[in-house]
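Let me begin by presenting the structure, written as structure tokens, before commenting on it.
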């Protein structure tokens, strides 16, 4: 049987037995799936540094239907994302990115748009030096859009915001209630390709991020949760 290859980003890794590793990845051609790389943790393995979490890779394997774990035959690393792994701030945001992908996607459901957004986001995080919070916020919104849970944006007047500022906002399944500052920031994120030129207040970013989380939680029936997934390791 001929080997199948696919471009992928590793979103999660787990040690298996003495020298192997189980990975969860998001691929261009097959969406999310899990695989085992036998002997990859051995110092003699040619793949030992290629299968770290968040690496951008080409994987080669004999794809078999109804198999929980595909068996990887070969790995070619395209990008290690060294710029991310050398920065604690970038690492934290990357964990949020990978955790969100893991939460909103399903196994073997191909979505090239989601793969391209993920790859572009990782590249931006790797290369950028400022406005990193905006990179994640834009990613968060675009992933919701291409996962079929794009929120309906409802602009609140200043009076409504003032009346409800100390109250819990009611959210229908996909309604995003935003004030003028949040609306302006969201419009700028979706309108401009260069995020480093956007001026913003961190409070506005945090509020928007929290509101989008709430919609994800309600729509997908997840509990409120923080995106720092302690099960994700970069090794």
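Residue numbers (the working numbering): 528 to 762.
Note that the Cβ used here is the ideal one computed from N, Cα and C, for glycine as well.
Because the structure is a prediction, the values reported are computed rather than measured.
Alpha carbon of residue i to alpha carbon of residue j, nearest angstrom
{"i": "residue 727", "j": "residue 540", "result": "35 angstroms"}
{"i": "residue 599", "j": "residue 531", "result": "10 angstroms"}
{"i": "residue 554", "j": "residue 711", "result": "34 angstroms"}
{"i": "residue 654", "j": "residue 560", "result": "27 angstroms"}
{"i": "residue 662", "j": "residue 730", "result": "15 angstroms"}
{"i": "residue 601", "j": "residue 666", "result": "30 angstroms"}
{"i": "residue 545", "j": "residue 583", "result": "25 angstroms"}
{"i": "residue 656", "j": "residue 746", "result": "33 angstroms"}
{"i": "residue 717", "j": "residue 706", "result": "17 angstroms"}
{"i": "residue 715", "j": "residue 611", "result": "25 angstroms"}
{"i": "residue 682", "j": "residue 702", "result": "10 angstroms"}
{"i": "residue 607", "j": "residue 551", "result": "16 angstroms"}
{"i": "residue 594", "j": "residue 643", "result": "26 angstroms"}
{"i": "residue 763", "j": "residue 649", "result": "The structure shown has nothing for residue 763, since the chain only spans 528 to 762."}
{"i": "residue 529", "j": "residue 547", "result": "23 angstroms"}
Identity of the residue in the options nearest residue i by Cα
{"i": "residue 619", "options": "586, 659, 643 and 594", "result": "659"}
{"i": "residue 647", "options": "581, 678 and 549", "result": "581"}
{"i": "residue 637", "options": "651, 713, 534 and 725", "result": "534"}
{"i": "residue 614", "options": "733, 652, 702 and 601", "result": "652"}
{"i": "residue 736", "options": "595, 552 and 623", "result": "623"}
{"i": "residue 604", "options": "587, 716 and 594", "result": "587"}
{"i": "residue 592", "options": "578, 632 and 562", "result": "562"}
{"i": "residue 596", "options": "741, 724 and 634", "result": "634"}
{"i": "residue 732", "options": "708, 721, 748 and 742", "result": "708"}
{"i": "residue 680", "options": "551, 564 and 704", "result": "704"}
DSSP three-state assignment for residue i, whether helix, strand or coil
{"i": "residue 589", "result": "coil"}
{"i": "residue 691", "result": "With a pLDDT of 49 at residue 691, under the threshold of 50, the predicted position of this residue should be treated as unreliable, though the coordinate-derived value follows. Three-state DSSP puts residue 691 in a helix."}
{"i": "residue 698", "result": "Its pLDDT being 48, under 50, residue 698 is placed unreliably by the model, and the measurement read from it follows with that caveat. Residue 698 falls in the coil class under three-state DSSP."}
{"i": "residue 732", "result": "helix"}
{"i": "residue 578", "result": "coil"}
{"i": "residue 633", "result": "coil"}
{"i": "residue 707", "result": "helix"}
{"i": "residue 686", "result": "Per-residue confidence for residue 686 stands at a pLDDT of 41, beneath the threshold of 50, marking its modelled position as unreliable; the derived number appears in the next sentence. The answer is helix: DSSP assigns residue 686 an H, G or I state."}
{"i": "residue 554", "result": "strand"}
{"i": "residue 540", "result": "strand"}
{"i": "residue 654", "result": "helix"}
{"i": "residue 612", "result": "helix"}
{"i": "residue 643", "result": "helix"}
8 angstroms contact criterion, which residue i and residue j should meet: CB distance rounded
{"i": "residue 549", "j": "residue 557", "result": "Contact flag wrong, Cβ pair sits at about 17 angstroms."}
{"i": "residue 577", "j": "residue 631", "result": "Not quite, the Cβ-Cβ distance comes to about 26 angstroms (not below 8 angstroms), so this is no contact."}
{"i": "residue 579", "j": "residue 538", "result": "Between residue 538 and residue 579 the Cβ distance is about 11 angstroms, and since that is not below 8 angstroms, they are no contact."}
Checklist entry - With contact counted as at least three CB pairs below 8 angstroms, one residue from each stretch, are the stretch 623-631 and the stretch 657-672 in contact? => result yes
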